[in-house]
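K.L.:
Input: one structure, supplied below.
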Amino acid sequence: MRIWDLPPSDLCRQHLLGEHRELHALWSIITKNKKAYSNHPETLRWKGKLHALYLRHENIVSEMKKREYNHHSPLEPTLATGGSRQDTLITSIDEQKDALRKKGCNCKI
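Going by my numbering, the first residue of the sequence shown is number 189, and it counts up by one from there.
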(Lines of atoms letter the chains of each structure in order from A and count residues from 1; the text may use other names and numbers.)
(Lines give C-alpha, C1' and ligand atoms only; values in the text may rest on other atoms or scores of the structure.)
Protein backbone atom coordinates (compact mmCIF):
# COMPACT_ATOMS: atom_id res chain seq x y z
CA MET A 1 0.00 0.00 0.00
CA ARG A 2 1.41 3.37 -1.00
CA ILE A 3 0.21 6.91 -1.38
CA TRP A 4 2.91 8.82 -3.23
CA ASP A 5 4.01 12.26 -2.09
CA LEU A 6 4.70 13.36 -5.65
CA PRO A 7 2.45 15.45 -7.89
CA PRO A 8 -0.12 13.21 -9.61
CA SER A 9 0.91 14.77 -12.93
CA ASP A 10 4.33 13.09 -12.51
CA LEU A 11 2.83 9.60 -12.26
CA CYS A 12 2.44 7.27 -15.21
CA ARG A 13 -0.95 5.70 -15.91
CA GLN A 14 -0.15 2.57 -13.89
CA HIS A 15 0.94 4.46 -10.78
CA LEU A 16 -1.79 7.10 -10.99
CA LEU A 17 -4.58 4.52 -11.21
CA GLY A 18 -2.85 2.25 -8.72
CA GLU A 19 -2.63 5.05 -6.17
CA HIS A 20 -6.28 5.88 -6.73
CA ARG A 21 -7.21 2.27 -5.93
CA GLU A 22 -4.95 2.19 -2.86
CA LEU A 23 -6.30 5.51 -1.63
CA HIS A 24 -9.85 4.16 -1.70
CA ALA A 25 -8.73 1.10 0.25
CA LEU A 26 -6.97 3.29 2.79
CA TRP A 27 -10.01 5.59 3.10
CA SER A 28 -12.21 2.57 3.78
CA ILE A 29 -9.82 1.14 6.38
CA ILE A 30 -9.72 4.42 8.30
CA THR A 31 -13.34 5.58 7.96
CA LYS A 32 -14.83 2.14 8.69
CA ASN A 33 -12.31 1.19 11.40
CA LYS A 34 -11.34 -1.97 9.57
CA LYS A 35 -8.70 -4.14 11.18
CA ALA A 36 -6.93 -5.18 7.99
CA TYR A 37 -3.89 -2.97 7.41
CA SER A 38 -4.87 -0.79 10.37
CA ASN A 39 -1.28 -0.88 11.66
CA HIS A 40 0.37 -0.48 8.26
CA PRO A 41 2.75 2.52 8.22
CA GLU A 42 0.79 4.13 5.37
CA THR A 43 -2.46 3.81 7.32
CA LEU A 44 -0.90 5.21 10.47
CA ARG A 45 0.45 8.29 8.73
CA TRP A 46 -3.01 9.21 7.40
CA LYS A 47 -4.98 8.65 10.61
CA GLY A 48 -6.15 12.04 11.83
CA LYS A 49 -5.49 13.52 8.36
CA LEU A 50 -8.51 12.44 6.36
CA HIS A 51 -8.93 15.96 5.03
CA ALA A 52 -5.43 15.75 3.55
CA LEU A 53 -6.23 12.32 2.10
CA TYR A 54 -9.44 13.71 0.62
CA LEU A 55 -7.47 16.56 -0.99
CA ARG A 56 -4.95 14.07 -2.39
CA HIS A 57 -7.85 12.14 -3.90
CA GLU A 58 -9.22 15.31 -5.48
CA ASN A 59 -5.79 16.02 -7.01
CA ILE A 60 -5.59 12.49 -8.38
CA VAL A 61 -9.11 12.78 -9.83
CA SER A 62 -8.22 16.11 -11.43
CA GLU A 63 -5.23 14.49 -13.14
CA MET A 64 -7.36 11.53 -14.21
CA LYS A 65 -9.85 13.91 -15.84
CA LYS A 66 -7.01 15.77 -17.63
CA ARG A 67 -6.02 12.42 -19.12
CA GLU A 68 -9.67 11.77 -20.02
CA TYR A 69 -10.01 8.79 -17.67
CA ASN A 70 -13.42 8.06 -16.20
CA HIS A 71 -14.01 8.56 -12.50
CA HIS A 72 -17.09 7.35 -10.67
CA SER A 73 -15.92 6.88 -7.08
CA PRO A 74 -16.05 10.11 -5.10
CA LEU A 75 -15.18 10.15 -1.42
CA GLU A 76 -17.71 11.31 1.16
CA PRO A 77 -16.63 14.90 1.96
CA THR A 78 -18.29 14.89 5.39
CA LEU A 79 -15.76 12.25 6.48
CA ALA A 80 -12.82 14.45 5.46
CA THR A 81 -11.86 15.50 8.98
CA GLY A 82 -8.58 16.21 10.69
CA GLY A 83 -5.46 17.75 9.28
CA SER A 84 -5.45 19.14 5.77
CA ARG A 85 -1.72 18.69 5.20
CA GLN A 86 0.34 15.53 5.13
CA ASP A 87 3.77 16.34 6.52
CA THR A 88 4.82 12.84 7.56
CA LEU A 89 6.82 10.85 5.04
CA ILE A 90 7.61 7.15 5.15
CA THR A 91 10.32 7.63 2.55
CA SER A 92 11.80 10.90 1.33
CA ILE A 93 10.74 12.48 -1.94
CA ASP A 94 14.13 11.55 -3.43
CA GLU A 95 13.69 7.93 -2.33
CA GLN A 96 10.22 7.85 -3.88
CA LYS A 97 11.60 9.22 -7.15
CA ASP A 98 14.40 6.63 -7.09
CA ALA A 99 11.86 3.85 -6.49
CA LEU A 100 9.86 4.96 -9.53
CA ARG A 101 12.99 5.29 -11.69
CA LYS A 102 13.90 1.70 -10.86
CA LYS A 103 10.50 0.51 -12.04
CA GLY A 104 11.29 1.66 -15.59
CA CYS A 105 7.83 3.08 -16.14
CA ASN A 106 6.75 6.31 -17.81
CA CYS A 107 6.58 8.42 -14.65
CA LYS A 108 7.94 11.94 -15.19
CA ILE A 109 10.64 12.00 -12.56
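Using N, Cα and C, we set each Cβ at its ideal position, and we do this for glycine too.
For K237, which residues does DSSP report across the bridge?
P.N.:
The partner list for K237 (beta bridge, DSSP) reads G270.
K.L.:
How far does the alpha helix (DSSP H) with E210 in it extend, from its first residue to its last?
P.N.:
Residues R201 to T219.
K.L.:
Which whole-angstrom value is the C-beta distance of L211 and R244, which I expect to be below 8 angstroms?
P.N.:
Right, the Cβ-Cβ distance comes to about 7 angstroms (below 8 angstroms), so this counts as a contact.
K.L.:
Classify A224 as buried or exposed, calling it buried when 16 or more other Cβ atoms lie within 10 Å of its own Cβ.
P.N.:
Exposed.
K.L.:
So, does the stretch 230 to 244 touch the stretch 281 to 291, judging by three or more C-beta pairs under 8 angstroms?
P.N.:
Judged by Cβ distances under 8 angstroms, the stretch 230 to 244 makes no contact with the stretch 281 to 291, as fewer than three pairs qualify.
K.L.:
On the DSSP letters alone, give me the boundaries of the alpha helix (DSSP H) that E283 sits inside.
P.N.:
Element bounds for E283: I281 to K291.
K.L.:
Helix, strand or coil, according to DSSP, for P262 in the structure here?
P.N.:
Correct three-state label for P262: coil.
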